[in-house]
Structure formats: C-alpha cells, structure tokens
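This note's numbering puts the first residue of the sequence shown at 16, with every later residue one more than the last. Ideal placement from N, C-alpha and C gives every residue a C-beta, glycine not left out. Everything below concerns the one structure shown next.
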Amino acid sequence: MQQPIDNANKPIIGISACVAGQEVRYNASHKRSKYCMDTLSAYFRYRPFCPEVAIGLPVPRPAIRIVERDNQLTLVETHEPKDDHAPAIEAYAAKVAAGMRDASGFIFMQKSPTCGLGSAKVYGIKGGPLRSDDGLFVRALRKHLPLLPITEAGRLNDAKLREHFFAQVYAYHEWQTEIMPNLSVRQLTDFHYRYKMTLRAHDQVILRQLGKLLADPHNVSLEELAQRYIEDFMRALSKVIGVKHHAYAMTRMVHYMKRWMTTDERQYADQLIEQYKQGSIPLVAPMSTLRFFMQKYQCAKRLAVWEPYPQELGLQNAI
Ligand code: SF4
C-alpha cells in the first residue's frame, strides 16, 4: 500500500489560481484541473497566484491582451486600450519570485496573456495577431527564477511532457532540499554520480562538461561552482527526451547489472527494451523489470534513473 507522504517533504509548486479552481478569470469562471487538484495534490504543496487579481483588477473584468507597441509589450483591455498593466504585472512577478525560492515548479494556465507559456497571443497595434509568446507574468517570473521547471496545465495532458516536467521538478527539489542546505564538493560529486545516467540520456556534452567542472573547478568558490553546476544541469534536463534516449538509459542500466544477472535475465531485459523501442509496450514495463533486478541484486541503488519520481504517479505508464 502507498505510504502517505509527509506534507513537509512534498515539493512546492506554484499554480495559476484559476487552474487551482478559484473563480478569478475575467468572466468570474475557473479552469480547475482535475488532474492537478485531485490526482497530483497528494504529492505536492500548491501555492496559487492570480496576477491579474493581485494587481487590483476586478472579477469579472474586461478581457485584456498583449499588444506590441514600438517594440514594447503592453497589457491592455481589448476594447479600451488606455491603461497598460504590464509594469504592475512585472512588479508583482518580482514579489512572487522573492517568495518562491523554495518552489520546485510552476503550472500555468495556457493561452492567457498573463500566465500563458509560449501560448499567449501578441497583437499588433492594428489589431491582428503577430505571434504566440509567453504571458507577461511568465516572462517576468522566468527572469527572476530561470532554473524553475515550468509548464502549462494543458501540457500535462501529454504523457511525454508530463513525465518530463515532473522528472525536472523532483531533481530540482532534491537539489534544493538535500544539496544546497549541506553544500560541499562531496555533496556535488555525489549528486553528479546519482544523476550521471539521467544526464547521459539527456545531453552527453553537458554531462562531460559537468564532470570536467567538478574535477577541475578553477579555484571558483563553492557557491559559484554549485551555481554553474545547477545551471547546466537544469539546461540538460530541460530537453525533452524520447524513446531512443529512455532505451539508451535502460541499456546502460542492464550493462551496470550484467555481472550479477543471469544470461536469461539479461536476454529478457534486452527483449523488453526492444519491445519498448518498437512501441509495443510502455516504458513502465521494462523499467519495472529492471527495478526488480536492481532490488534482487541490491545494486546501483543510488542512481536517480531507477526512481526519478514516486512510481505511484504512473508517469511511465503511457510513454
Ligand atoms: S490565467 Fe492567470 S491571470 Fe488569468 S485568471 Fe488564471 S491565474 Fe488569473
């Protein structure tokens, strides 16, 4: 049976208040995500924010949109574009960022001119849409918290993007709660070892660079070393990986265990990885088998690739 997770150990996730079910949208409705609020809430502590309400806009309110004017992005009412709310949203994002240094992720509402992540429409002064971009709150928050894993509620419907987001959240949470409070070269090296296989699946060039950085830190201070490490680490993890990369990581896992596994076990594991590559079984099938062998032989337990997030989240069931 699944053990309840102690609330204090759950990663903190910021969330657009309308996704959390608050009736704060321009038309006084919400966009509650059942998946976020019913399924995921057992694993995370949410902090909801509605930037538009926080800067004093009423509920209900006229719809607003991003208008590009003289190369500047403004946030104005669709039918009465006289007041620009962009400066207030940017100031509010700075305030939120200061209080969110302990957060491990943020889930935004898609298509909003304030909260959209790459999905907010930018209009020209003549009224036509120019392109899609980040909403202005997202844009400002990213400047203050560039390492924070972020996504949109809509992207969590895509199994691959969902797995990718939570893999980043849990790795960042480990960094924040286990590495930074007891920072030492030993801690950094252990963290690097734990994530080596994960990094290899995401970006082999960054893996090599990080290995060199830790081996020869050029007299930089420990804090600077940690900062440089985590910037590149999160950059590597921000790359979405596919079947080929997961299969590669699993092949390496088998390679790790080959001295303990019998020939039959190895062949069985290879066969499952091949079936996963062909698309006939999901990732969870070979991964469960590899975890069984890992437990059987009590080996390589410290590698994050074995269990990057709680299995009960079912993140490997559909990819
Ligand atoms: S999308 Fe953002 S600004 Fe708009 S209602 Fe939701 S939380 Fe508020």
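At a cut-off of 7 Å, is residue i close to the ligand SF4 when judged by its beta-carbon and the heavy atoms of the ligand?
i      : result
Cys314 : no
Pro102 : no
Arg40  : yes
Met52  : no
Thr129 : yes
Glu67  : yes
Ser31  : yes
Met124 : yes
To the nearest angstrom, how far is it from the Cα of residue i to the Cα of residue j?
i      : j      : result
Arg267 : Ser199 : 28 Å
Val299 : Gln331 : 5 Å
Glu238 : Gln293 : 45 Å
Ser147 : Tyr271 : 45 Å
Lys273 : Phe308 : 10 Å
Glu105 : Phe152 : 6 Å
Lys311 : Leu90  : 58 Å
Asp10  : Met302 : Absent from the model: residue 10. The displayed extent of the chain is 16 to 334, so no value can be given.
Ile122 : Ile28  : 7 Å
Arg170 : Pro232 : 38 Å
Pro196 : Gly329 : 30 Å
Gly133 : Ala32  : 19 Å
Leu283 : Thr277 : What sits at residue 283 in the sequence shown is Tyr, not Leu. So the two alpha carbons sit approximately 10 Å from each other.
Ile230 : Tyr244 : Note on residue identity: the sequence assigns Ala, not Ile, to residue 230. Approximately 12 Å, taken between the alpha carbons.
Ile288 : Lys126 : 38 Å
Gly120 : Asp98  : 31 Å
Asp337 : Trp190 : The requested residue 337 is not part of the displayed model; the chain covers only 16 to 334.
Leu222 : Thr166 : 24 Å
Lys254 : Asp149 : 18 Å
Ala109 : Glu246 : 20 Å
Pro77  : Thr304 : 55 Å
Going by CA-CA distance only, name the one from the options that's closest to residue i.
i      : options                           : result
His179 : Arg47, Arg250 and Gly131          : Arg250
Pro34  : Ile20, Gln242, Ala186 and Asp53   : Per the sequence shown, residue 34 should be read as Val rather than Pro. Residue Asp53 is the option with its Cα nearest to Val34.
Arg116 : Ser127, Ile245 and Leu160         : Leu160
Thr93  : Arg80, Ile104, Ala103 and Phe206  : Arg80
Arg157 : His260, Thr278 and Gly131         : Gly131
Arg84  : Gly36, Lys126, Arg76 and Gly142   : Gly142
Tyr107 : Pro164, His45, Gly71 and Arg243   : Gly71
Ile256 : Glu246, Ile194, Ile334 and Thr304 : Ile334
Phe64  : Val258, Gly36, Leu88 and Asn86    : Gly36
Pro66  : Met124, Leu145 and Phe59          : Met124
Val258 : Asn172, Ala155 and Ser295         : Ser295
Pro102 : Leu88, Leu228 and Ser56           : Leu88
State yes or no: is the C-beta of residue i within less than 8 Å of the C-beta of residue j?
i      : j      : result
Pro323 : Ala182 : yes
Val235 : Ile140 : no
Leu225 : Leu214 : yes
Tyr187 : Ala216 : no
Val111 : Val68  : no
Pro128 : Ala135 : yes
Val184 : Pro297 : no
Asn42  : Pro75  : yes
Ala174 : Ser48  : no
Leu318 : Arg201 : no
Arg62  : Ile20  : no
Val269 : Asp279 : no
Any alpha helix (DSSP H) of 4 or more consecutive residues that is wholly inside the segment 175–218: 200–217
Could I get the ranges of all uninterrupted beta strand (DSSP E) runs contained in the segment 63–125, with 3 residues as the minimum, in chain order? 79–84, 87–92 and 120–123
Unbroken stretches of the alpha helix (DSSP H), 4 residues or longer, contained in the segment 242–287: 258–272
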